[in-house]
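Visitor: Numbering (the working numbering), first residue to last: 2 to 263. Every residue gets a Cβ at the ideal spot worked out from N, C-alpha and C, and that includes glycine.
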Ligand code: SF4
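Below is the structure:
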């Protein structure tokens with residue numbers, strides 16, 4: 002080992018400790034992270050093979066673009082999302098329009114390779130107009146960070162765009178009224194992977210009556226986009242022991258995206 006490797010090793014150790022802190026468990030520091038440069042690279046994270054899906058990859062997949070082309074594609078997608086955002090802001094399709102402070106359209110990078118979909122805005126989201134900004138949002142940020150990404154690098158949206166009163170679960174009619182908006186969003190975003198957070202999002206996107214416990218842990222397909230169901234961060238706040246399963250699911254997502262564990 003050369004002295005020049007020390008800063009890199011210290012950074013690897015800090016990142017690993019950070020993942021451990023976020024998830025509250027002890028993950029052994031991989032020996033590969035301490036391997037001097039020039040030796041065999043770290044092995045990829047293993048995961049069960051995803052079922053074949055009819056890919057609907059955008060013809061302009063972000064990772065295939067030059068920085069200039071990526072910037073232009075980002076602007077193009079943002080311009081296509083803007084009128085839908087405007088439509089949502091004035092939407093009165095269902096009764097949730099009467100109780101909302103504002104609509105919560107979605108946030109993130111229009112060329113994100115990874116899109117998270119949750120259930121519905123809560124109190125803080127309704128107040129701030131952004132999804133996942135409360136305690137559950139902080140945990141989602143931690144999960145994203147543990148994957149080696151930043152919140153600004155992904156896109157986050159909900160099944161319904163208005164807060165149900167008292168944070169109740171949105172009903173089937175409300176979900177049906179709002180589904181078209183998310184569908185159009187996803188078509189424009191063309192993510193490489195969708196992550197559905199929680200039972201409501203999973204059922205709405207997959208149209209399945211099977212419980213999330215049965216569906217999580219393997220890829221499904223939403224309109225041809227690979228979809229990984231996993232538990233909602235709010236559920237994890239109540240059941241921290243389930244974080245391990247979410248991390249397992251996210252590792253499969255990382256494999257699909259070619260991301261290495263930090
Ligand atoms: S929840 Fe969706 S369909 Fe209902 S009013 Fe809000 S934006 Fe419109």
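If you check the beta carbons only, do residue 180 and residue 202 fall under 8 angstroms apart?
Guide: For the purposes of this step, residue 180 is taken as residue 179 along the chain shown, with counting starting at 1. For the purposes of this step, residue 202 is taken as residue 201 along the chain shown, with counting starting at 1. Result no, Cβ atoms of residue 180 and residue 202 do not sit closer than 8 angstroms.
Visitor: With a 10 Å radius around its C-beta and 16 neighbouring C-beta atoms as the bar for buried, classify residue 78 as buried or exposed.
Guide: In the chain shown, residue 78 corresponds to position 77, counting from 1. Flag for residue 78 reads buried.
Visitor: Pick helix, strand or coil for residue 82, following the three-state DSSP scheme.
Guide: By one-based count along the chain shown, residue 82 stands at place 81. Helix at residue 82.
Visitor: Do you know whose CA, among 163, 159, 94 and 167, lies nearest residue 184's CA?
Guide: In the chain shown, residue 184 corresponds to position 183, counting from 1. The option with the nearest alpha carbon to residue 184 is 159.
Visitor: Note down the Cα distance separating residue 148 from residue 252, rounded to an integer number of angstroms.
Guide: The residue labelled residue 148 in the question sits at position 147 within the chain shown. The residue labelled residue 252 in the question sits at position 251 within the chain shown. For residue 148 and residue 252, the distance between alpha carbons rounds to 8 angstroms.
Visitor: For residue 131, collect the residues of the same chain with a Cβ closer than 8 angstroms to its Cβ; drop the 5 residues on either side in sequence, then sort them by chain order.
Guide: What you label residue 131 is simply residue 130 of the chain shown in a count that begins at 1. Correct list, in chain order: 105 and 108.
Visitor: Could you give the uninterrupted runs of the alpha helix (DSSP H) lying entirely in the stretch 131 to 157, keeping only those of 4 residues or more?
Guide: As far as the stretch 131 to 157 is concerned, its whole alpha helix (DSSP H) runs of at least 4 residues are 136 to 147.
Visitor: Mapping DSSP to helix, strand and coil, what is residue 100?
Guide: Position 99 of the chain shown, counted from the first residue, corresponds to residue 100. Here residue 100 sits in coil by DSSP.
Visitor: Would you say the beta carbon of residue 102 is closer than 7 angstroms to some non-hydrogen atom of ligand 1?
Guide: As a working mapping, residue 102 is identified with position 101 in the chain shown. Not so, every heavy atom of ligand 1 lies at least 7 angstroms from the Cβ.
Visitor: In its own chain, which residues sit with a C-beta less than 7 angstroms from the C-beta of residue 71, not counting the 5 before and 5 after it?
Guide: In the chain shown, the residue the question calls residue 71 occupies position 70. Closer than 7 angstroms at Cβ, skipping near neighbours: 63 and 112.
Visitor: Count the other C-beta atoms from every protein chain shown that fall within 10 angstroms of the C-beta of residue 170, then say buried if there are 16 or more, exposed otherwise.
Guide: Locating residue 170 in the chain shown gives position 169, where the first residue counts as 1. Residue 170 should be labelled exposed.
Visitor: Is residue 35 helix, strand or coil by DSSP?
Guide: Position 34 of the chain shown holds residue 35. Legend: pLDDT at residue 35 = 37, less than 50; position of this residue unreliable, value from coordinates given subsequently. In the structure shown, residue 35 sits in a helix (DSSP, three-state: H, G or I).
Visitor: Between which residues of its own chain and residue 176 is the CB-CB distance below 8 angstroms, once the five residues before and five after are set aside?
Guide: What you label residue 176 is simply residue 175 of the chain shown in a count that begins at 1. Excluding residues within five positions, the ones whose Cβ falls inside 8 angstroms are 160, 161, 201 and 205.
Visitor: Could you tell me the distance, in whole angstroms, from the CA atom of residue 137 to the CA atom of residue 221?
Guide: Indexing the chain shown from 1 puts residue 137 at position 136. Indexing the chain shown from 1 puts residue 221 at position 220. Residue 137 and residue 221: Cα-Cα distance of roughly 24 angstroms.
Visitor: Need the endpoints of the beta strand (DSSP E) that residue 232 sits in, please.
Guide: Stepping through the chain shown from its first residue, residue 232 is reached at position 231. That residue, residue 232, is in no beta strand (DSSP E); it is neither H nor E in DSSP.
Visitor: Go ahead and label residue 214 buried or exposed: buried means 16 or more other beta carbons lie within 10 angstroms of its beta carbon, across all protein chains shown.
Guide: The sequence position of residue 214 within the chain shown is 213, counting from 1. Exposed, by the Cβ-count rule.
Visitor: Which whole-angstrom value describes the C-beta separation of residue 194 and residue 258, a residue pair presumed to lie in contact below a C-beta threshold of 8 angstroms?
Guide: Sequence index remark: in the chain shown, residue 194 carries index 193 (1-based). Sequence index remark: in the chain shown, residue 258 carries index 257 (1-based). Contact flag correct, Cβ pair sits at about 6 angstroms.
Visitor: How many Å lie between residue 36 and residue 262 at the Cα?
Guide: Within the chain shown, numbered from 1, the residue matching residue 36 stands at position 35. Within the chain shown, numbered from 1, the residue matching residue 262 stands at position 261. Unreliable positioning characterises residue 36 in this predicted model, as indicated by a pLDDT of 39, which lies under 50. The coordinate reading is nonetheless provided below. Cα to Cα, residue 36 sits roughly 15 angstroms from residue 262.
Visitor: Under 8 angstroms, do residue 233 and residue 119 count as touching if we go by C-beta distance?
Guide: In the chain shown, counting from the first residue as 1, residue 233 sits at position 232. In the chain shown, counting from the first residue as 1, residue 119 sits at position 118. Yes, the Cβ-Cβ distance between residue 233 and residue 119 is below 8 angstroms.
Visitor: Excluding the 5 residues flanking residue 48 on each side, which residues of the same chain have their C-beta closer than 7 angstroms to its C-beta?
Guide: By 1-based counting over the chain shown, the position of residue 48 is 47. With a pLDDT of 40 at residue 48, under the threshold of 50, the modelled position of this residue cannot be trusted, and the question is left open.
Visitor: Cβ of residue 108 less than 8 angstroms from any chain C Cβ?
Guide: Judged by its chain identifiers, the structure shown contains no chain C, having just a single protein chain.
Visitor: Taking Cβ to Cβ, would you say residue 235 is nearer than 8 angstroms to residue 165?
Guide: On the chain shown, position 234 is the one that residue 235 refers to. On the chain shown, position 164 is the one that residue 165 refers to. Against a cut-off of 8 angstroms, the Cβ pair of residue 165 and residue 235 comes out as no contact.
Visitor: Residue 247 lies in the alpha helix (DSSP H); which residues open and close that run?
Guide: Here the question's residue 247 lines up with position 246 in the chain shown. Looking at the DSSP string, the run of the alpha helix (DSSP H) that includes residue 247 is 244 to 258.
Visitor: Mind checking whether the beta-carbon of residue 175 lies closer than 7 angstroms to any heavy atom of ligand 1?
Guide: The sequence position of residue 175 within the chain shown is 174, counting from 1. Within the cutoff, so yes.
Visitor: Taking DSSP as the reference, what is the three-state secondary structure of residue 220?
Guide: Residue numbering aside, residue 220 sits at position 219 when the chain shown is read from its first letter. Coil.
Visitor: Confirm the yes/no value for this check: CB of residue 93, any heavy atom of ligand 1, distance under 7 angstroms.
Guide: The residue given as residue 93 occupies position 92 in the chain shown. Yes, ligand 1 has a heavy atom inside 7 angstroms of this Cβ.
Visitor: Taking the CB atoms as reference points, tell me whether residue 217 and residue 246 lie closer together than 8 angstroms.
Guide: Here residue 217 refers to the residue found at position 216 when the chain shown is read from its first residue. Here residue 246 refers to the residue found at position 245 when the chain shown is read from its first residue. Closer than 8 angstroms, so yes.
Visitor: Anyone know if the C-beta pair for residue 154 and residue 110 falls short of 8 angstroms?
Guide: The sequence position of residue 154 within the chain shown is 153, counting from 1. The sequence position of residue 110 within the chain shown is 109, counting from 1. Contact: yes.
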